[in-house]
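Peer 1: Chains as they are written, first to last, in this note's numbering: chain A, 1 to 598; chain B, 1001 to 1608. Ideal placement from N, C-alpha and C gives every residue a C-beta, glycine not left out.
Pasting the structure below:
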């Protein structure tokens, strides 16, 4: 399969579903449990047959008891009704059990499939998706699939069976009697389609409006200091009132539409007409009185299947919608592949950018960048937010591929490297250091699961993290995250640095934007960063002037272009951008030299 | 089935209302809807009567037609049943439409009241209660309340139906009616027992779903770490274990929920068989007509569904009332900041005086004790001190965000409690530590400082900050969408927008709580240049975290535990070697040029 070949991760012996379209995919999931589905259908037919028969029997019983000397039959009739009703209940229970299994498997299987697929997607894909969106797919959408099967499909099946079976019973009483129910069902189908068409948009807009009202309010409250300081309470009040009245309007309109549910009217009329029809046939001697009562009982069976089915339509729609979104993700091609069999050598750590350009879609992030870094150098990248600092580093470990030019490591284009060999020798410390909800030791040893406790502690010491780790009650076994301790940005960063010492990459990319509140912590962070630079090529995206000041080379980016490049003294003389930073330190700056034109 | 279990925790401003107060309050809100509600009650009654009449009419018809088989009688009864069905629909239509209108209006009014109440609170209220909880009171609790009102009206109509039928049955045949009545406690009891089990399984299922969500969230958020270290297999194995466990727990819940109706049907089966048997006996005895016997069978089928909803209703009703109670508590809580006059100072010079001020956020600890400070018009004052020294409180008291307990604060010699707050705050520029931006464009956010400012004015203000160079880093300049809470912009950019906002507002007094978050050096330079421009010529109070700010301040106020212990300029204070010197070594030393110059990397040769 094409998408399997492009994946960065795959599971052996995974069940394969047809992903050519959302409906095929959904059917493939259901078909995996086809015997359960068939069982559900049979149980439903059984339960409705028993139910309808019991209602018919009650009617027949009237005809019987009116006759004299029928007392002996009464226990038989009562017991038959009891038997049929019990059979109805038991079969219906078995039916829901079977479909419940399909529904729950649907949720779990599709989540499993999606999860494995997500692990196989490239970083490019993940950077383009918001975490919240993916979360919604893996939780809400898969739950909607569950709801689509039960009660969605379950009710639909029940409606079909629950309409067909009573019709058969009515036909058995007398074929002409089908006239009223069949006309009713036709009218009902037309009415229900119109109803759903009117209702859905209003429900959707009402939900959206509720979201907007909430978001509005949340914003006014979170920004209350600004609201009050700017004396804008009246403005916020007006905003909220408009949002709240719009919500009221949709709420009321939904009430109107629901109140006008036509099938209910049709059913009431059909009941009267069927009654009349039955009585007329009785008058003509074509039907017994007991049959007329039986007819009314059977008509009553039709009530639930017809009234409930509109409810299932929206559930199935939601499920299809969710399925479509999931399949979209499953089928999104991931641009990078493992490239196993590519260049696979120990890395020295020389980096060269040759006329590199990069664009996210149509937005140019980097334009025509050229520079080279020697093995073991420390390079600081300086620029405002959005100038392309992070993007530049992301091209090195192939988080993204260039859209023009080349990035070379040790003289080899990164696209020719084996992805595993490339990434395992490039370490990266993100701005927001991500730690898993595990122990500190496990987090430090994340890339090297077989590291010994001594190695872990050694790495933590070099990263200036040992002392604060030992200050926790459980030391290295302290849990991080929701159920454990909350670490400060500086502490997380030092754990990440420890991680880097352990995995010992040849190139280290450090996005260092944490700030130290006090000078003592600053000292420790400085020491850790200086320590980790030793013996490897290091790229720093940093806010620390001291790191920039003493880097071997400084790249100054502005709007995706490399506007200056060189060491501190050189840039002070050449780059107005760079000078401006130091100007506020009241130091005597060397005279500005004209930028050489190359 | 609404298991509304979230958000039930009580808050400090909650108060207990007795049932009568609560009811009076609710009725008060329904007062303007009186005519609608009367019509609702009337149509509910009609709807119920008509629906109860259908099986009765059918049973009468069966009896009569079996006696005299006249065609006109048949037509009459047939049309009567159809007509009753149609009018039931019509009454229901009117009832539901009117209910929707009434509930919609009432909830809107409650929401508006709740919002107004929230806006009147001072900041002590917002410190105490997280914004999410306040929001949920104004929107979700009112929503829950409205659901319960609708639900109650529906349930009453169903109960009236069941009651009307049962009463009629008693008139027809009291003995058989008792048989039917016998199933009522059985069904209600089963439904109640079911709720206990259901709640248990729902809680488990919710917990496991939350676990799955957390795991997926962690994976997606940390995917780059997993990929960099090639740990996908380990993560997948963890997921698989949890996902499989989730299957069994959810299956159990699904079975409990789907199983309840077949279970109740079992009880109904026995009731039905009993009615058929005993009814048949009584027909034979001549105590009951065949039509009435049919009616009994119909009623058994008709009433059991409403009965199950009674079981779940009580709980929902209480939750709904509790929601109402929470909203009213929010509306009724009192703000602490109270102005005793509405004086307007057209041109504030910016002279601020604290005299013997006592202030605390809570009853527990004093923040300022007998605090006095005089700030001259146009002066730039930097406040420094350890966390908790009272720096921010001074700024917040000047902004009148909090009430102080004793002493006086005057602005240009006028008591701050006598000022018209909106007019006063319009001349006050405040930039908080983490500047808050509203979803919208940069332009709209700057304009927030002065409603109705022209585009040219907004642009001029933006250019006065850092020479406008920061605008180039925004993708669409002033029209860049800042995203929710400004999430599309960096921290530094948000500060620049906040500065431009103040620049546009052109206030007499400027209060700045300097950010501690780090900003890239270029943006930092622009912020500094912007601050220089704002502080020129106006009274500025800065809670300082930056070395350059304290160095350029006219006067540094050194605070310790709510007291001024030193004041003067940077050089003087540093020479003195007191608390300021200690603060300098703790917070400012690493920002100095000397420190930067000392961080030279030791010369290292590349490792082999």
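Please state whether the Cβ-Cβ distance between residue 1139 (chain B) and residue 1091 (chain B) is less than 8 Å.
Peer 2: It is not a contact, given that the beta carbons lie outside the stated cut-off.
Peer 1: Between which two residues does the alpha helix (DSSP H) harbouring residue 1097 (chain B) extend?
Peer 2: Here the alpha helix (DSSP H) through residue 1097 (chain B) covers 1071–1120.
Peer 1: The segment 499–529 of chain A: which residues have C-beta closer than 8 Å to a C-beta of chain B, in chain order?
Peer 2: Under the 8 Å Cβ criterion, the segment 499–529 of chain A contributes 503, 513, 514, 515, 516, 517, 518, 519, 520, 522, 523, 526.
Peer 1: Chain B beta carbons: is any one of them nearer than 8 Å to that of residue 115 (chain A)?
Peer 2: Answer yes: the Cβ-Cβ gap between residue 115 (chain A) and chain B drops below 8 Å somewhere.
Peer 1: What is the DSSP secondary structure of residue 1135 (chain B), counted as helix, strand or coil?
Peer 2: Helix, per DSSP.
Peer 1: Take residue 428 (chain A) and list the residues in its own chain whose beta-carbon comes closer than 7 Å to its own, dropping the five residues that flank it on each side.
Peer 2: 397, 509, listed in sequence order.
Peer 1: What are the start and end residues of the alpha helix (DSSP H) that includes residue 1453 (chain B)?
Peer 2: It is not in any alpha helix (DSSP H) - residue 1453 (chain B) carries neither H nor E in the DSSP assignment.
Peer 1: I want to know whether the segment 310–317 of chain A touches the segment 381–389 of chain A - three or more CB-CB distances under 8 Å.
Peer 2: Judged by Cβ distances under 8 Å, the segment 310–317 of chain A makes no contact with the segment 381–389 of chain A, as fewer than three pairs qualify.
Peer 1: So, does the CB of residue 81 (chain A) fall closer than 8 Å to a CB anywhere in chain B?
Peer 2: For residue 81 (chain A), the answer is yes, since a Cβ of chain B falls inside 8 Å of its Cβ.
Peer 1: With residue 1425 (chain B) as the anchor, note down where its alpha helix (DSSP H) starts and where it stops.
Peer 2: From DSSP, the alpha helix (DSSP H) with residue 1425 (chain B) extends over 1421–1425.
Peer 1: I believe residue 95 (chain A) touches residue 47 (chain A) by the beta-carbon criterion, under 8 Å. Please report the beta-carbon distance rounded to the nearest angstrom.
Peer 2: Contact flag correct, Cβ pair sits at about 6 Å.
Peer 1: Under 8 Å between C-beta atoms, does residue 1262 (chain B) make it to chain A?
Peer 2: Yes, residue 1262 (chain B) lies at the interface with chain A (some Cβ there is under 8 Å from its Cβ).
Peer 1: Name the chain B residues whose beta carbon is nearer than 8 Å to that of residue 393 (chain A)?
Peer 2: Within chain B, no residue comes near residue 393 (chain A); the closest Cβ sits about 12 Å away, beyond 8 Å.
Peer 1: Could you compute how far the alpha carbon of residue 511 (chain A) sits from the alpha carbon of residue 1573 (chain B)?
Peer 2: Answer to the nearest angstrom: the Cα atoms are 37 Å apart.
Peer 1: For residue 349 (chain A) and residue 1486 (chain B), I'd like the C-alpha separation in whole angstroms.
Peer 2: Approximately 38 Å, taken between the alpha carbons.
Peer 1: Would residue 1590 (chain B) count as contacting chain A if we go by Cβ distances under 8 Å?
Peer 2: Chain A, which has a Cβ nearer than 8 Å to the Cβ of residue 1590 (chain B), makes this yes.
Peer 1: Under three-state DSSP, which class holds residue 414 (chain A)?
Peer 2: Three-state result, residue 414 (chain A): helix.
Peer 1: Where does the unbroken beta strand (DSSP E) through residue 1369 (chain B) begin, and where does it stop?
Peer 2: Here the beta strand (DSSP E) through residue 1369 (chain B) covers 1368–1375.
Peer 1: Using a cut-off of 7 Å between C-beta atoms, extract the partners of residue 1231 (chain B) located in chain A.
Peer 2: Those are 446, listed as they occur along chain A.
Peer 1: Can a CB atom of chain B be found closer than 8 Å to the CB of residue 201 (chain A)?
Peer 2: Not one chain B Cβ lies under 8 Å of residue 201 (chain A).
Peer 1: Put residue 197 (chain A) into one of helix, strand or coil per three-state DSSP.
Peer 2: Helix, per DSSP.
Peer 1: Could you name the residues of chain B that residue 139 (chain A) contacts, counting a contact when the two beta carbons are closer than 8 Å?
Peer 2: In chain order: 1209, 1212, 1213, 1216.
Peer 1: Cα separation between residue 342 (chain A) and residue 418 (chain A)?
Peer 2: The straight-line gap from Cα to Cα measures roughly 4 Å.
Peer 1: Under 9 Å, CB to CB, which of the residues in the segment 533–566 of chain A have a partner in chain B?
Peer 2: The segment 533–566 of chain A vs chain B, Cβ under 9 Å: 533, 534, 535, 536, 537, 541, 542, 543, 544, 545, 546, 547, 548, 549, 550, 551, 552, 556, 558, 559.
Peer 1: List the residues of chain B whose Cβ lies closer than 7 Å to the Cβ of residue 344 (chain A), in chain order.
Peer 2: Within 7 Å Cβ-Cβ: nothing; residue 344 (chain A) doesn't reach chain B, min ~14 Å.
Peer 1: Does residue 1549 (chain B) have its Cβ less than 8 Å from a Cβ in chain A?
Peer 2: For residue 1549 (chain B), the answer is no, since every Cβ of chain A falls outside 8 Å of its Cβ.
Peer 1: Closest Cβ-Cβ distance between residue 585 (chain A) and chain B: below 8 Å?
Peer 2: Judged by the 8 Å Cβ criterion, residue 585 (chain A) is in contact with chain B.
Peer 1: Measure how close the beta-carbons of residue 1114 (chain B) and residue 1327 (chain B) come, nearest whole angstrom, since I'm counting them as under 8 Å.
Peer 2: Contact holds; Cβ gap of about 6 Å.
Peer 1: Per the DSSP calculation, residue 1510 (chain B) is bridged to which residue(s)?
Peer 2: According to DSSP, which records beta bridges pairwise, residue 1510 (chain B) is partnered with B:1429, B:1540.
Peer 1: Considering residue 1063 (chain B), what are the terminal residues of the alpha helix (DSSP H) in which it resides?
Peer 2: Taken as a continuous stretch (DSSP letters only), the alpha helix (DSSP H) holding residue 1063 (chain B) covers 1034–1067.
Peer 1: Could you check the C-alpha separation between residue 578 (chain A) and residue 408 (chain A) for me, to the nearest Å?
Peer 2: Those two C-alpha atoms are separated by around 27 Å.
Peer 1: Would you decide whether residue 85 (chain A) is buried or exposed? Buried here means 16 or more other CB atoms lie within 10 Å of its CB.
Peer 2: Buried: at least 16 other Cβ atoms inside 10 Å.
Peer 1: In chain order, which beta strand (DSSP E) runs of at least 3 residues are fully inside the segment 1231–1263 of chain B?
Peer 2: With a minimum length of 3 residues, no continuous beta strand (DSSP E) run stays inside the segment 1231–1263 of chain B.
Peer 1: CA-CA distance, residue 1435 (chain B) and residue 1493 (chain B)?
Peer 2: Cα to Cα, the separation comes out at about 10 Å.
Peer 1: I need the straight-line Cα distance from residue 461 (chain A) to residue 468 (chain A), nearest angstrom please.
Peer 2: If you take the alpha carbons of residue 461 (chain A) and residue 468 (chain A), they lie about 10 Å apart.
Peer 1: Indicate the three-state DSSP secondary structure (helix, strand or coil) for residue 1307 (chain B) in the structure shown.
Peer 2: Residue 1307 (chain B) falls in the helix class under three-state DSSP.
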